[in-house]
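Q:
Number of protein chains: 4
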Amino acid sequence: MSDIKEIIAALLKFRNERDWEQFHNSKDLAVALNIEAGELLESFLWKSHEEASKEKVQEELADVFAYAFLLADKYNLDVKDIVLDKIRKNGEKYPVEKAKGTAKKYNEL
Amino acid sequence: MSDIKEIIAALLKFRNERDWEQFHNSKDLAVALNIEAGELLESFLWKSHEEASKEKVQEELADVFAYAFLLADKYNLDVKDIVLDKIRKNGEKYPVEKAKGTAKKYNEL
Amino acid sequence: MSDIKEIIAALLKFRNERDWEQFHNSKDLAVALNIEAGELLESFLWKSHEEASKEKVQEELADVFAYAFLLADKYNLDVKDIVLDKIRKNGEKYPVEKAKGTAKKYNEL
Amino acid sequence: MSDIKEIIAALLKFRNERDWEQFHNSKDLAVALNIEAGELLESFLWKSHEEASKEKVQEELADVFAYAFLLADKYNLDVKDIVLDKIRKNGEKYPVEKAKGTAKKYNEL
């Protein structure tokens, strides 16, 4: 079993033991993901990036991943496929010769 | 190579070809993750969860995963380890006998 | 003094007594606003809109407003002017005859 | 009429002309606020705080305020009252003698 399948299986087991599927509609999963992304961001508030606590980042990033994987599962999306597909699309929006060394958005290149 | 290692390798290749590592400090990666989480959430705005477009969810979820994987790489965190570790900790905060069938937060159980 | 000026004056007094201006650059204020927006959203997680606690909404909405007003002050923006200006612009993007009764985005109308 | 009442009246007029109250339940307003907070944050992505465009900040901050005011109206909350009340509470969590000059969270002071 791939590592991603293993993670999702563990998340679903945890959820089903608690009978939480009833709460996990896709909209609330996206809401939960945003809340956790905000908690992750709190690791960096009023700080430079070097000053964040790795332990806090780890805890909150794990929560972000948990809801992201649950959402992928909800929509039957293969995580590797959708990320590699997005990289392909971004390669068209950000061709190396235009995007190299600049942080500009594609519509400003 | 595991799926996750393969995804991260593809993301780093994309980034390094464009010389973007200079912009990818951990704080800005967390900022980027929040922006993408907000775009994902937009799929559900003014809608019930059934009405969201799967295509839009897929596009935005891929972006969320991209920045989450880049952050994990930045801190040398193993994604499977940190998610399984968090599930273990959540198991203590949400024991089955207390948490079953309720959406209450652990401090209200 | 207008009510908005009064609120901003109280926020600045609180901040300056604590010598916190040094932390309140505009980027971290925007980060703080996002974190608070996430906490506000938590009032609604796994719930219908009727089930949210008004007390929690009030607490978190107050924090959102605090950082929004501090950001407006940082950029010398007049809150009434910028909101009324945005309403004017949105009136052009969402003309009544096209937008009435639909939640579609302006680029889908 | 106070500035805040005037802003809210203009927002409600805009909304009611378009018959949008049906979409504006409190949960979706909080979702919309998070999306706009994310767009505001995008002004600062991959940038130092000095490099953000004031025009973009103004546009997105206006949207944040719009949904924050609509939420306050939805719950019949007086914006000045709730912000001043929160400042009072924060004064207890962050007494000047402990909090002066430090960005630590109240539970770390």
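Protein chains in written order, with the numbering used here: chain A, 1175 to 1283; chain B, 1175 to 1283; chain C, 1175 to 1283; chain D, 1175 to 1283.
Backbone N, C-alpha and C fix where the C-beta goes; we use that ideal spot for every residue, glycine too.
1) Here's the rule I'm using: 16 or more other beta-carbon atoms within 10 Å means buried, otherwise exposed. How should N1208/A be labelled?
2) Measuring CB to CB, does K1274/C end up less than 8 Å from D1202/D?
3) If you check the beta carbons only, do Y1280/B and K1267/B fall under 8 Å apart?
4) Judging by CA-CA distance, which residue of E1195/D, G1265/D and W1220/D is the nearest neighbour of F1191/C?
5) Could you tell me which of K1230/A, V1231/A and A1184/A sits nearest to A1240/A, measuring between CA atoms?
6) What is the DSSP secondary structure of A1242/A, counted as helix, strand or coil?
7) What in chain A is Cβ-close to V1205/C, meaning under 9 Å?
8) Where in the region 1177-1229 of chain D do unbroken runs of the alpha helix (DSSP H), each at least 4 residues long, occur, reported from the N-terminal end onward?
9) Let's test the definition: count the other Cβ atoms within 10 Å of the Cβ of S1200/B and tell me whether it reaches 16, buried, or not, exposed.
10) What's the C-alpha gap between A1226/A and A1246/B?
11) Among the residues of its own chain, which have a CB less than 8 Å from the CB of H1198/C, if the five just before and after it don't count?
12) Beta-carbon of D1202/D versus every beta-carbon of chain B: anything under 8 Å?
13) At the level of alpha carbons, what is the spacing between V1270/A and D1237/B?
14) Which residue wins for smallest C-alpha separation from L1235/B, given the options G1212/B, E1195/B and H1223/B?
15) With a cut-off of 8 Å, does the C-beta of N1281/B fall near any C-beta of chain D?
16) By a C-beta neighbour count over all protein chains shown, 10 Å radius and 16 as the cutoff for buried, is L1283/C buried or exposed?
17) Kindly give me the distance between the Cβ atoms of D1255/B and S1176/A, rounded to whole angstroms, as I take these residues to be in contact under 8 Å.
18) First and last residue of the alpha helix (DSSP H) that includes G1284/B?
19) Give a yes or no on whether 8 Å exceeds the smallest Cβ distance from N1190/B to chain A.
20) Spell out whether any CB of chain B is found under 8 Å from the CB atom of N1264/C.
21) Any C-beta of chain B within less than 8 Å: which residues of the region 1219-1242 of chain A qualify?
22) What is the C-beta distance between A1204/B and L1214/A, in whole angstroms, given that I count them as a contact (C-beta under 8 Å)?
23) Using only CA atoms, which one of I1182/B, I1181/B and Q1196/B lies nearest to H1223/A?
24) Quick check: what's the CA-CA separation for E1216/B versus E1210/D?
25) Can you pull the chain A neighbours of G1300/C, defined as C-beta to C-beta under 9 Å?
26) If you follow the alpha helix (DSSP H) that A1277/C is part of, which residue opens it and which one closes it?
27) Leaving out the 5 sequence neighbours to the left and right, which residues in its chain are closer than 6 Å to V1231/D when beta-carbon positions are compared?
28) What number of angstroms, rounded off, separates the C-alpha of E1180/D from the C-alpha of E1229/B?
29) Name, please, each residue of chain B whose Cβ falls closer than 9 Å to the Cβ of A1277/C.
30) Is DSSP giving L1235/A helix, strand or coil here?
31) Since I believe A1242/B is in contact with A1242/A (beta carbons under 8 Å), could you give me their beta-carbon distance rounded to a whole number of angstroms?
A: With the given structure in hand:
1) buried
2) no
3) yes
4) A quick correction: the sequence has Glu, not Phe, at residue 1191/C. Considering only alpha carbons, the answer is G1265/D.
5) A1184/A
6) helix
7) L1215, E1216, F1218, L1219 and W1220, listed in chain order.
8) 1177-1191 and 1200-1216
9) buried
10) 14 Å
11) R1189, L1244 and K1248
12) At a cut-off of 8 Å between C-beta atoms, D1202/D counts as an interface residue with respect to chain B.
13) 19 Å
14) G1212/B
15) no
16) Exposed, because fewer than 16 other Cβ atoms sit within 10 Å of the Cβ of L1283/C.
17) Wrong, their Cβ atoms sit about 15 Å apart, outside the cutoff.
18) There is simply no residue 1284/B to check, as chain B begins at 1175 and stops at 1283 in what is shown.
19) no
20) no
21) Cβ contacts with chain B: K1221, S1222, H1223, A1226, K1228, V1231, Q1232, E1233, L1235, A1236, D1237, V1238, F1239, A1240 and A1242.
22) Between L1214/A and A1204/B the Cβ distance is about 5 Å, and since that is below 8 Å, they are a contact.
23) Q1196/B
24) 10 Å
25) What the structure shows of chain C is the stretch from 1175 to 1283, and residue 1300/C is not part of that stretch, so it cannot be assessed.
26) That residue, A1277/C, is in no alpha helix (DSSP H); it is neither H nor E in DSSP.
27) S1217
28) 40 Å
29) When 9 Å is used as the limit between beta carbons, A1277/C is near these residues of chain B: L1219, W1220 and K1221, in chain order.
30) Note: L1235/A maps to helix in three-state DSSP.
31) 6 Å
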